[in-house]
Amino acid sequence: MVWTFIARLVLGLVLSAISYALSPRPKVEKPQAAGLDDFSLPTAEEGRPIPVVFGTVLITGPNVVWAGDLKVDPIRKKGGKK
Numbered sequence: 001m002v003w004t005f006i007a008r009l010v011l012g013l014v015l016s017a018i019s020y021a022l023s024p025r026p027k028v029e030k031p032q033a034a035g036l037d038d039f040s041l042p043t044a045e046e047g048r049p050i051p052v053v054f055g056t057v058l059i060t061g062p063n064v065v066w067a068g069d070l071k072v073d074p075i076r077k078k079g080g081k082k
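Counting from 1, position 26 in the sequence shown corresponds to residue 26 in UniProt numbering; the numbering is continuous, with no gaps.
The following block contains the structure:
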């Protein structure tokens, strides 16, 4: 009775180790910084059609008149002196 429990426990551990060893590994890629082209920002274009919306609808990339001063500031790392 005790031996069947130990045998099942050892069999479970061996099968778990085999499953872990054979599982696919994800590829690790270096993340890239997002640019302004990666976002769907509101634009202001002449001649662009205005959608007619009834109810509550999510509009991607709406046409606006003024969005303020949109600019990109680079991230600067400061190194400390020792």
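Backbone N, C-alpha and C define an ideal beta-carbon position, used for all residues, glycine too. Keep in mind it's a predicted model, so treat the numbers as computed, not measured.
If you follow the alpha helix (DSSP H) that ILE6 is part of, which residue opens it and which one closes it?
From DSSP, the alpha helix (DSSP H) with ILE6 extends over 2–22.
Can you give the Cα-Cα distance for residue 83 and GLY35, rounded to whole angstroms?
For residue 83 there is no data in the structure shown, the boundaries of the chain being 1 and 82.
What does THR43 pair with, by DSSP beta-bridge criteria?
THR43 is bridged to ASN63.
Tell me the rounded alpha-carbon separation between PRO26 and GLY55.
PRO26 and GLY55 have their alpha carbons spaced roughly 43 Å apart.
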